[in-house]
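The structure appears right after this line, and notes come after that.
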């Protein structure tokens, strides 16, 4: 038995679980199903596609308002594959307040677009969203549905640069407490214009190694 498995088995009230490298999966994730976990990091990849993630998320969907799960970090480095992929279930989590999605996959992203649209209609407790795009800049229409979420307070977007057409979409988030952009390449004039029109905007420059 691995040390982490032993710890989980002997910690009935464990609330926060994060793998420093990779994600929580397999036997560890199975052992956590009946624990009052509030925060966890999960991964959708070719190597971890069916290692307990679906059962874990589905269990918390079934619990409804009694779910303890409030914070998820999702790393995606493969395409969505079929109905067993747990990522689609996130929009049905009723107690989730914070969601971070790190997209490392640059292929077919239609399922991610659908997930973002579903989040705007579901996840009734959702307040904070962070979206990280490693290989490209997301089109504005991907993000726009989130502006309709009634409880969203904070949106952080991390990417290389703003895609064409993103500016008018960002203005739809001016009601948030925080709209943060983390970019590597940017136009100072555009950023200044955005700041004058979006009071909640915070701009951060990414370092070259990020």
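In my numbering, the protein residues as written are 6 to 215. Where is the CB? At the ideal position from N, CA and C, for every residue including glycine.
Which residue or residues does DSSP assign as beta-bridge partners of residue i?
i           : result
residue 208 : 186
residue 46  : 78
residue 161 : 135 and 185
residue 105 : 78 and 135
Mind reading off the beta-carbon distance from residue i to residue j? Whole number of angstroms is fine, and I expect it under 8 Å.
i           : j           : result
residue 160 : residue 184 : 5 Å
residue 156 : residue 115 : About 26 Å separates the two Cβ atoms, so there is no contact after all.
In its own chain, which residues sit with a C-beta less than 6 Å from the C-beta of residue i, not counting the 5 before and 5 after it?
i           : result
residue 179 : 203
residue 209 : 187
residue 62  : 91 and 94
residue 164 : 138 and 142
residue 134 : 104 and 160
residue 106 : 79 and 136
residue 145 : 170, 171 and 174
residue 162 : 136 and 186
residue 196 : 208
residue 200 : 206
residue 132 : 102, 156 and 158
When we look at the beta-carbon of residue i and count the other beta-carbons within 10 Å, is it buried (16 or more) or exposed?
i           : result
residue 143 : buried
residue 12  : exposed
residue 71  : exposed
residue 48  : buried
residue 39  : exposed
residue 101 : buried
residue 207 : exposed
residue 198 : exposed
residue 136 : buried
residue 57  : buried
residue 67  : exposed
residue 190 : exposed
residue 34  : buried
residue 193 : exposed
Under 8 Å Cβ to Cβ from residue i, same chain only, skipping five residues before and after it: list those, please.
i           : result
residue 109 : 80, 81, 82, 139 and 140
Between which residues of its own chain and residue i is the CB-CB distance below 7 Å, once the five residues before and five after are set aside?
i           : result
residue 122 : 150
residue 147 : 118 and 121
residue 6   : Note that residue 6 scores a pLDDT of 46, beneath 50, so its modelled location is shaky; the value from the coordinates is reported in the next line. Excluding sequence neighbours, residue 6 sits near nothing in its chain.
residue 127 : 96 and 97
residue 181 : 157, 158, 159, 160 and 205
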